[in-house]
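For reference, the structure is listed below as structure tokens.
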Amino acid sequence: MSLLNLITNSGFETGNLNGWVFPENSTVTNQYSHSGTYSALLEQGIEPAYIGKFVPAGTGENLELIVSLAKDSNLQAPAVLIQVFFFGQNFELIGTGLSTYLPANRLPNAQTSDWQEVYLTTSTAPAGTTQAYLLIN
Numbered sequence: 029m030s031l032l033n034l035i036t037n038s039g040f041e042t043g044n045l046n047g048w049v050f051p052e053n054s055t056v057t058n059q060y061s062h063s064g065t066y067s068a069l070l071e072q073g074i075e076p077a078y079i080g081k082f083v084p085a086g087t088g089e090n091l092e093l094i095v096s097l098a099k100d101s102n103l104q105a106p107a108v109l110i111q112v113f114f115f116g117q118n119f120e121l122i123g124t125g126l127s128t129y130l131p132a133n134r135l136p137n138a139q140t141s142d143w144q145e146v147y148l149t150t151s152t153a154p155a156g157t158t159q160a161y162l163l164i165n
């Protein structure tokens, strides 16, 4: 059975963050990639960096995510927080589907083409869910 990818521009192969909402301190780079040509680069520093994306979802669904992560230098990797929130038709928050925290200094180095794949499944979407919001921070 093949998986249906609900995240448009999930591999950043447009060369930009089109379709990702509210990106902060984030860009697309062709310097490193896990597959394809591009990857998203969330800048490390004192300011937060994140990308987010709304995807269709429905009551009773469980969404599966595969996220490939790496740091881009020999410096300590920052902590990473991956969350999914369920929203209703009028963008009202209905619930949290997942919240996964990867502690600092746990990511491999993209300079050596080493990536960590994280496999996640949300909790079941509650009644009234029409969309989910993925946040990578």
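Note that the sequence shown ends on residue 165 in the working numbering; no numbers are left out.
Backbone N, C-alpha and C define an ideal beta-carbon position, used for all residues, glycine too.
For the pair the segment 132-144 and the segment 38-55, tell me if three or more CB-CB distances fall below 8 Å.
no
Classify S63: buried if its beta carbon has 16 or more other beta carbons within 10 angstroms, exposed otherwise.
So S63 ends up on the exposed side.
How would you call G125, buried or exposed, if buried means at least 16 neighbouring beta carbons within 10 angstroms?
buried
Residues in its own chain within less than 6 Å of G123 by CB, not counting five upstream and five downstream?
F114 and P154
Mind listing, in chain order, the continuous beta strand (DSSP E) runs of no fewer than 3 residues lying wholly within the segment 95-148?
108-115 and 121-130
Nearest-angstrom Cα distance between N58 and L45?
13 Å
Could you work out which residue in A138, Q117, V112 and S151 is closest to Q104 when comparing CA atoms only?
A138
Since N165 and Y78 are thought to touch, with beta carbons under 8 Å apart, how far apart are those beta carbons, to the nearest angstrom?
4 Å
Cα separation between P76 and E89?
30 Å
What first and last residue would you give for the beta strand (DSSP E) that runs through S54?
S54 to T57
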